[in-house]
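Visitor: Going by full-length UniProt numbering, the sequence shown opens with residue 1, and the numbers climb by one from there.
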Amino acid sequence: MCCCLFCIVGSCADPDVEVHKAVGDSLELIADYPKRDLEVQWKYNQTTFAEYPNDDLQKVNSELFNNRLQMNKNNISVTVTDLTLQDSGRFSIVAESKSFQYKTKVFVLHVHGSCADPDVEVHKAVGDSLELIADYPKDGLEVQWKYNQTIFAEYRNDDFQKVESKLFNRLKMKKNNISVTVTDLKLQDSGKFSVVAERKTSSEQYKTKVFELHVHDLIREVQIEDSYVWLQSKNLCMFHLRCVASGDPSPSYSWISPQTQGPQLNINLSLTESATLNCTANNTVSIKYTTKTVVCKSDNLTSGFGQEYVLIAAGVCIVAVVIFSGAVAVCCRWRKNKGQGESEDGITVYEDVNTDGAAKKRSESVVNGMTIYETVDDTKLSQILPQTLYDKISFQRHPEVSTSTSSPYQEVL
């Protein structure tokens, strides 16, 4: 599809269609329903910007399109004029009567740059084509097509000439409108294209046309991932939802119920309460959306205790195990050191007495000789002299009295 041509895929009277428009075009959204008791809302990405209640058209959010809305009561239509690239998105018409709900009509709008205007931005999807037309008088015309200032095609003497480049194998040339088309666009093709033309017969230089190309991945699929935490103290489920799109790595996200922007959403639901959520992912060339319902159910709860209490209990158990292990280790080490001190080093006040052992000198019985009794010289034990308190007075005792000996007391008696 050439970028200088806008096309409409399907009719705006049909639901769920894609609509392609060029920058500066208008989009008319007609509510073609029976007028009796009709009420209509026009929405852009789920934001209401116009309403039709009580046979009257009303603007709801005038800042959304900066006063570019036109309303027609004859056919009950709203027209967005002077479209910009940023207007690409999802438009919907929600209609009902007092007794009937009509099917919602959805239009996915893609706004593209116009190649007929110089210095414009052009947005394309991967696999699309870009047509660059040299719409100048053909008399004496010479044209160069450039990509990032590198020539990749030329037109002179009423004929085309290809110039070797990375685009060489994907070029199509048409002499009837003097155009060059780059087919099968890739993400790497994003860049600046220019058409430089002049009239050789009069040396007239035409204004160079510049197109800034942006190639995007199509959004292929959108999913909503959810997880929750049960808060027993508040008797509710705290849900964390994440919108994930495949294809384009950086699309724009929007949510419905509640209305918010961004890929993530947090909501709280009480027990048995449910919520239906809609996430839309879009970029300038595609748009996709999905819906998911989440419910806070009692059978989903893994425990009667909140997660925070489980974590606290686990932490207390770990601390208790560490303290108990440390106490056991200290006790064992103390007992080991005590046993070694008594049996090996002998550093005690008294040694155990072994009644069955042979008597030894104190210097031999003490291993290291470090006792308070070592001041006594045990070498005197070898003397025959008595070692009593009275020996200090007299070392010589009288011999035992017998019939052959005399005693001072015998003389008295």
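Glycine included, each C-beta is placed from N, C-alpha and C at the ideal position. Everything numeric in this text was worked out from a predicted model, so none of it was measured.
Give the DSSP-derived three-state secondary structure of GLN188 in the structure shown.
Guide: Taking the sequence shown and counting its residues from 1, the one referred to as residue 188 is at position 188. In this structure, GLN188 counts as helix in the three-state DSSP scheme.
Visitor: Excluding five sequence neighbours on each side, which residues of the same chain lie with their C-beta closer than 8 Å to the C-beta of ARG36?
Guide: Translated into the one-based positions of the sequence shown, residue 36 becomes position 36. Closer than 8 Å at the Cβ level, and outside the excluded window around ARG36, lie SER97.
Visitor: Given a threshold of 16 other Cβ atoms within 10 Å of its Cβ, counted over all protein chains shown, does LEU132 qualify as buried or as exposed?
Guide: Working through the sequence shown from its first residue, we reach residue 132 at position 132. Looking at its Cβ environment, which holds 16 or more other Cβ atoms inside 10 Å, LEU132 is buried.
Visitor: When you compare only the Cα positions, how much space is there between SER286 and ILE219?
Guide: On the sequence shown, position 286 is the one that residue 286 refers to. On the sequence shown, position 219 is the one that residue 219 refers to. Rounded to the nearest angstrom, the two C-alpha atoms are 6 Å apart.
Visitor: Using a threshold of 8 Å, state whether the C-beta atoms of ASN278 and THR291 are closer than that.
Guide: As a working note, residue 278 is residue 278 in the sequence shown. As a working note, residue 291 is residue 291 in the sequence shown. Result yes, Cβ atoms of ASN278 and THR291 sit closer than 8 Å.
Visitor: CA-CA distance, ALA275 and THR293?
Guide: Residue numbering aside, residue 275 sits at position 275 when the sequence shown is read from its first letter. Residue numbering aside, residue 293 sits at position 293 when the sequence shown is read from its first letter. Each residue's alpha carbon lies about 6 Å from the other.
Visitor: Assuming LYS146 and SER194 form a contact by the criterion Cβ under 8 Å, report the distance between their Cβ atoms to the nearest whole angstrom.
Guide: Here residue 146 refers to the residue found at position 146 of the sequence shown. Here residue 194 refers to the residue found at position 194 of the sequence shown. Sure, about 5 Å apart at Cβ, within 8 Å.
Visitor: Are the CB atoms of PHE107 and LEU57 within a distance shorter than 8 Å?
Guide: In the sequence shown, the residue the question calls residue 57 occupies position 57. In the sequence shown, the residue the question calls residue 107 occupies position 107. Cβ atoms of LEU57 and PHE107: not closer than 8 Å.
Visitor: Is it right to say SER92 is buried, meaning 16 or more other beta carbons lie within 10 angstroms of its own, or is it exposed?
Guide: In the sequence shown, counting from the first residue as 1, residue 92 sits at position 92. With 16 or more other Cβ atoms within 10 Å, it is buried.
Visitor: Just verifying my parser: in three-state terms, what is the DSSP assignment at GLY89?
Guide: Locating residue 89 in the sequence shown gives position 89, where the first residue counts as 1. Note: GLY89 maps to strand in three-state DSSP.
Visitor: Taking ALA125 as the reference, give the member of TYR136, ASP139, HIS110, TYR33 with the closest Cα.
Guide: For the purposes of this step, residue 125 is taken as the residue at position 125 of the sequence shown. When each option's Cα is compared against that of ALA125, the closest is HIS110.
Visitor: Please return the same chain residues whose Cβ sits closer than 7 Å to the Cβ of ASP345, not counting the five positions on each side in sequence.
Guide: As a first step, residue 345 must be located in the sequence shown, where it is residue number 345. In this prediction, ASP345 has a pLDDT of 47, which is less than 50 and means its spatial position is unreliable; what the coordinates show is noted afterwards. Cβ neighbours of ASP345 beyond the five flanking positions: none.
Visitor: Label PHE65 either buried or exposed according to how many other C-beta atoms from any shown protein chain fall within 10 Å of its C-beta, with 16 as the threshold for buried.
Guide: Numbered from 1 along the sequence shown, position 65 holds the residue referred to as residue 65. Buried.
Visitor: Should ASP158 be labelled buried (16 or more other beta-carbon atoms within 10 Å of its own) or exposed?
Guide: Position 158 of the sequence shown, counted from the start, is the residue given in the question as residue 158. Per the 10 Å Cβ criterion, exposed.
Visitor: Between which two residues does the beta strand (DSSP E) containing VAL80 stretch?
Guide: Here the question's residue 80 lines up with position 80 in the sequence shown. Counting along the chain, the beta strand (DSSP E) containing VAL80 begins and ends at 77 to 80.
Visitor: Is there contact here, the segment 237 to 248 with the segment 154 to 171, by at least three beta-carbon pairs under 8 Å?
Guide: No, because fewer than three Cβ pairs between the segment 237 to 248 and the segment 154 to 171 fall closer than 8 Å, the two stretches do not touch.
Visitor: Put PHE239 into one of helix, strand or coil per three-state DSSP.
Guide: Here residue 239 refers to the residue found at position 239 of the sequence shown. If DSSP states are grouped into helix, strand and coil, PHE239 belongs with the strands.
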